[in-house]
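Novice: Take this structure, written in structure tokens, and hold onto it; I'll ask about it next.
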Amino acid sequence: MNLVIVESPAKAKTINKYLGDDYKVLASFGHIRDLPSKDGSVDPDNEFAMIWETDGRSEKQIREIASAARDADTIYLATDPDREGEAISWHILEVLEQKKLLRGRDVHRVVFHEITKKAVTDAIANPRALNQELVDAYLARRALDYLVGFNLSPVLWRKLPGSRSAGRVQSVALRLICEREIEIEAFRADEYWSLEAGFKIPEGNFTARLTHLNGEKLDKLALGSEAAATIAKDKVEARSYTVSKVERKDVKRRPQPPFTTSTLQQEASRKLGFGTKRTMQLAQRLYEGVDIGGETVGLITYMRTDAVILSSEALAAARRLIAKDYGDDYLPANARSFANKAKNAQEAHEAVRPTDLFRRPDQVERHLDKDQLKLYTLIWKRTVACQMEDARFDQVAVDLSSNDNHVVLRANGSVVKFDGFLKLYQEGKDDAADDENDRRLPPLKEGQKPDLGAVSIDQHFTQPPPRYTEASLVKKMEELGIGRPSTYASIISVLQDRDYVTLDKRRFIAQDRGRLVTAFLSKFFERYVQYNFTAELENQLDDVSNGSMAWRDVLKQFWSSFKGNVDEAKELKITEVLDALQVMLENYLFPTREDGTDPHKCPKCAEGTLSLKLGKFGAFLGCSNYPDCNFTRPLVANENGGDSELDTGPKVLGVDKETGKEITLRKGPYGVYVQLGEEEEVEGKNGKPKKVKPKRTSLPKGLEPSVVDLTKAEELLTLPRLVGVFPDTGEEIKANVGRFGPYVQAGNTFASLKAEDDVLTVGENRAISLIADKREKAGKEIGKHPDDGEPILLADGRWGPFVRHKKTNANLRDVTKEEVTLEMAIKALKEKEAKSGKPAKAAKTTKAPAKKAPAKKAAAKKPAAKKTAAKKTAAKKTTKKEVAT
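Residue numbering for the sequence shown follows our numbering, starting at 112 and increasing by one per position.
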């Protein structure tokens, strides 16, 4: 018997079908060991020896793998074709070696970049040895991340309460976002005006912009006021014009290369609105395979790659498809090749592409959910387009001069001569821009005298640099060489999970906590958040993976200086830290006040001075006259987009016509909200006074408090509002704003509104769509549980289909979603409940009424004794560790 070990059960199921009965395919469910989160897991004094530990879930997988290995003649390690995949294989090999299960057995490493029958069988026929250099690169990276996180985070906790963690790469990514905020805050807008004039000839109309005035060329800010623009307008209108110059040139635009991990993340963000984490989840499913006509097929190649090359088979298939579907005009004479930009693009051999280009999106549509289809379509189009002909344009620039040459206007335009690859695909943009070169111009020739039409002037202001989107942040990190594409999704998730940044309208906004952490690290750990230092460390890890550097040498060079820096920081006094941070964040903490008063002065007592202080829940500004003056406020007066006057009390917007109560705008711990009236005391049922809270509604994300007036507040206070009725069930659909933002609700289903939705105007059809999507993800009811009649739901999970009953989830192995029956679901749920001990808890609950008897109180102490015993057992279990040198 042959044993094949992969990471995921979905992958295992697909491969098992390809290989047949002579092979048994098992999943490790990712990594089977990791470094324990405690001191000593990496020992710098012992050649960076690492202690590995397995958790309960992994122990189960190890037992299953070990049991199968005893009956196997040959073991194939078929984990993913990157450093992580190589590391998982290494861990499995180490554990099997420690259990003495490798003697007399052949062990092979096999790699395939797509899950198709041909790729898998070819890999099995051509195995290789484990790549120790890739494993070493993994060990170095894992040790570095541990040493930084485990030594730096405690310093943050002690010196900067409220901070969560620091990381080797996450802290540098956070610095990028925070520095962009500083640029935005320092930005001062300049006013400027533009002038456009309409012209007419028999063949059509066109517009031109002013480029020269009084014989001098104008720069962007030349017309700095309405008065200057009006003078220019008068001069333009007072003259007639002749076409003085016509420039024509042919321009070619080449298609972009096929997707790498990072470009896929960027384009999915720009064109589909997917976050990096969502993109990688969808790509994982497409890679592992979907059921098509009774056969599980991997639809794309491996999605973690730095490479932009395509195999000869893929190139040949692309060229055949282009000739067949689009004609020979769209097929270049030769296949296109693209050069890898990454220094060490070895994570996989190919770009991300469909495994079969003739499997067109419309042919797989019924087998995919809508998000999977969107991503597959994006990958398919980009792959085919990269092998299509260039797009060609006829670009024209026309100068129109006044008779005295004092005024010149220019018109730009272009005509698509041949659409080429644009017929299929056009790359997305971070920010939509009006490109005047895309305008169409009528035929013009020198000496022609068009008629002058309307002349218009428009006011503009220079714009600050935009905040990072997920796409632009990934692009910037890749440009700087920070991290690696396969890590970007987890880095971005960590920054949000730690509340260092928030994502608003698809753009990152640095929060107070993130600003403080970045300032602290920039001041006291400057070297380790420098972009070039982090990039150079990544290059060293690449050198380890290609065998030109020893992994322990990388760690030694890093640790020798880092340890000293950590020890110095431990000796810092918190007052030293606060003083340093206040200086660094001066403009952020104390922005200039509109009335010109000193921003450091306490607004309450007018005598004390505000300064940075630390509390249980983080940093704040407080008055130096404490305890005589107890004024405090968040770090920034307009926190959460608020209005500075809200920090000292509510803002009265007006009086409600129906009730006569005041409507106010206020700030609470979860943001800004509107309130009708005040808390009232009324007589309760038993005659005792009862407090009634006033009606409140939070401001939806993106709604600035400064624009909330009485009308808008009245609209918000009508929430929740009835939107419609959900079909089939007849449930009322309501729209409202909650702690986590605006949402629509039907029954027990809550669906968050998207950035483009307005809670006050969202319609019935849109609400039904959002709720239906949420219910589809939550699962489809397949029947009722026989014990309580509650519904059993069937849904897709990371490791395949699973069923849910109340709070119990049970995975279903070796079956497709379509094959799941109610009987299977009930059996799986009961097995899961038995393992988790839930029936015992249920039995305990039935005895709840006995609590009324005082005699039962003494008996309640018995479970505590059992709990202590359970702890001892657990402690004993965690002593199973292995040391890797």
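Glycine included, each C-beta is placed from N, C-alpha and C at the ideal position.
#1: Assuming Pro-561 and Gly-315 are in contact, meaning their beta carbons sit under 8 Å apart, how far apart are those beta carbons, in whole angstroms?
#2: With a cut-off of 9 Å, does the C-beta of Leu-213 fall near any C-beta of chain C?
#3: Could you work out which residue in Val-509, Arg-389, Val-463 is closest to Arg-415 when comparing CA atoms only?
#4: Just mark Ser-863 as buried or exposed, buried being the case when its beta carbon has 16 or more other beta carbons within 10 Å.
#5: Output the distance between the C-alpha atoms of Phe-532 and Pro-366, rounded to the nearest integer angstrom.
#6: From Tyr-187 to Gln-377, what does the alpha carbon distance come to, in whole angstroms?
#7: Pull up the distance between the alpha-carbon of Asp-569 and that of Lys-346, whole angstroms please.
#8: Give a yes or no on whether the C-beta atoms belonging to Arg-144 and Ser-178 are separated by under 9 Å.
#9: Cα separation between Thr-984 and Gly-167?
#10: Is Thr-494 buried or exposed, if buried means 16 or more other CB atoms sit within 10 Å of its CB?
#11: Which residues does DSSP pair with Trp-304 in a beta bridge?
#12: As a quick exercise: from Gly-874, Gly-908, Lys-895, Gly-900, pick the residue whose alpha carbon is nearest that of Lys-888.
#13: Does the Cβ of Met-391 have 16 or more other Cβ atoms within 10 Å, making it buried, or fewer, making it exposed?
#14: Give every residue of the same chain whose Cβ lies closer than 7 Å to the Cβ of Ile-403, excluding the five residues on either side of it in the sequence, and list them in chain order.
#15: Note the first and the last residue of the continuous alpha helix (DSSP H) segment covering Glu-649.
#16: Using DSSP's beta-bridge definition, name the partner residues of Ile-116.
#17: Between the C-alpha atoms of Asp-440 and Lys-363, what's the straight-line distance to the nearest angstrom?
#18: Pick out whichever of Ile-176, Leu-923, Phe-310 has its Cα sitting closest to the Cα of Gln-559.
#19: Which class does Ala-889 belong to by DSSP, given the choice of helix, strand or coil?
#20: Nearest by alpha-carbon distance to Glu-337: which of Trp-304, Thr-318, Ala-308, Gly-326 is it?
#21: Does the segment 231-244 come into contact with the segment 635-653, if we say contact requires no fewer than three beta-carbon pairs (one atom in each stretch) closer than 8 Å?
#22: Tell whether a beta-carbon distance below 9 Å holds between Leu-692 and Leu-721.
#23: Leaving out five residues before and five after Val-419 in sequence, what residues of the same chain have Cβ atoms less than 7 Å from its Cβ?
#24: If you follow the beta strand (DSSP E) that Trp-163 is part of, which residue opens it and which one closes it?
#25: Kindly indicate which residue of Met-112, Ser-148, Lys-796 has the alpha-carbon position closest to the one of Asp-217.
#26: Are there 16 or more other CB atoms within 10 angstroms of the CB of Lys-270, so buried, or fewer, so exposed?
#27: Taking the C-alpha atoms as reference points, what is the distance between Leu-632 and Met-161?
#28: Assuming Ser-809 contacts Tyr-781 under a Cβ cut-off of 8 Å, what Cβ separation, rounded to an integer in Å, is found between them?
#29: Measure the alpha-carbon distance for Glu-867 versus Gly-384 and round it to whole angstroms.
#30: For Ile-176, write down the residues that DSSP places opposite it in a beta bridge.
#31: Taking buried to mean at least 16 other C-beta atoms within 10 Å of its own C-beta, is Ala-543 buried or exposed?
#32: Round the Cβ separation of Pro-811 and Gly-852 to the nearest angstrom and send it over; I've been treating them as touching at under 8 Å.
#33: Can you have a look at Ser-148 and say buried or exposed, based on whether 16 or more other CB atoms are within 10 angstroms of its CB?
#34: Among the residues of its own chain, which have a CB less than 7 Å from the CB of Ala-254, if the five just before and after it don't count?
#35: Kindly indicate the opening and closing residues of the alpha helix (DSSP H) around Phe-261.
#36: With Ile-903 and Phe-837 assumed to form a contact (beta carbons below 8 Å), what rounded beta-carbon distance in angstroms separates them?
Specialist: Checking against the coordinates, here is how it stands:
#1: Not quite, the Cβ-Cβ distance comes to about 10 Å (not below 8 Å), so this is no contact.
#2: The structure shown contains no chain C, having only a single protein chain.
#3: Val-463
#4: The residue is exposed, with fewer than 16 neighbouring Cβ atoms inside 10 Å.
#5: 6 Å
#6: 35 Å
#7: Distance between the alpha carbons of Asp-569 and Lys-346 is about 16 Å.
#8: no
#9: Residue confidence is low: Thr-984 scores 39 on pLDDT, short of 50, so the model does not pin down where it sits. Its coordinate-derived value is still stated next. The straight-line gap from Cα to Cα measures roughly 13 Å.
#10: Thr-494 should be labelled buried.
#11: Bridge partners of Trp-304: Gln-570.
#12: With distances taken between Cα atoms, Lys-888 lies closest to Gly-908.
#13: buried
#14: Excluding the 5 residues flanking it on each side, Ile-403 has same chain C-beta neighbours closer than 7 Å at Val-475, His-478, in chain order.
#15: 642-656
#16: Leu-137, Leu-188
#17: Spanning the two alpha carbons is a distance of roughly 15 Å.
#18: Considering only alpha carbons, the answer is Phe-310.
#19: It is helical.
#20: Trp-304
#21: no
#22: no
#23: Pro-368, Pro-369, Thr-371, Phe-449, Asn-451, Ala-462
#24: Run containing Trp-163: 160-164, per the beta strand (DSSP E) assignment.
#25: Met-112
#26: buried
#27: 27 Å
#28: 7 Å
#29: Rounded to whole angstroms, Glu-867 and Gly-384 show a C-alpha spacing of 12 Å.
#30: Paired residues: none, contrary to the question.
#31: For Ala-543, the predicted structure reports a pLDDT of 41, less than 50, and the residue's modelled location is therefore unreliable. A value from the coordinates is still provided. Exposed is the call here.
#32: 7 Å
#33: exposed
#34: Sequence-distant Cβ neighbours of Ala-254 in its own chain, meaning closer than 7 Å and more than five residues away, are Val-153, Phe-159, Met-161, Leu-666.
#35: 243-270
#36: Ile-903 to Phe-837, Cβ: 21 Å. No contact.
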